[in-house]
């Protein structure tokens, strides 16, 4: 493969790289990415389907976790539990709305 780019920089690895530039780079490398994925696993579309399935499962987990938090169950958030135990002046109800807003933002991003 003779491409202008030697490697694909991932957004999580290079914080200064904007999402737009990352997507532009993926687009520029699209043929090489397809060739690579086909050479590794034999079927590009199975890989895409598998990743889509994982994303949908993650979205479902977000919905379930949000419902648990909304009902006051924060078992999955040990740091929050410890923080609330340490500082009795802060109640979970005070931060519940912020936590649910955060889940909503995560869901929109995904």
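In this note's numbering, the protein residues as written are 83 to 192. Where a beta carbon is used, it is the ideal one built from N, C-alpha and C, also for glycine.
Q: Please report how far the alpha carbon of residue 188 lies from the alpha carbon of residue 119, in whole angstroms.
A: 28 Å
Q.
So, at 8 Å on beta carbons, what are the nonlocal neighbours of residue 147 in its own chain, with the 5 sequence-adjacent residues on each side left out?
A. 158, 185
Q.
Could you give the first and the last residue of the continuous alpha helix (DSSP H) run that contains residue 182?
A. 174–191
(Q) So within the segment 116–156, which uninterrupted alpha helix (DSSP H) runs reach at least 4 residues, ignoring any that extend past its ends? (A) 126–152
Q.
For chain C, check one thing: does any of its Cβ atoms lie closer than 7 Å to the Cβ of residue 179?
A. The chain labelled as chain C is not found in the depicted structure, where only one protein chain is given.
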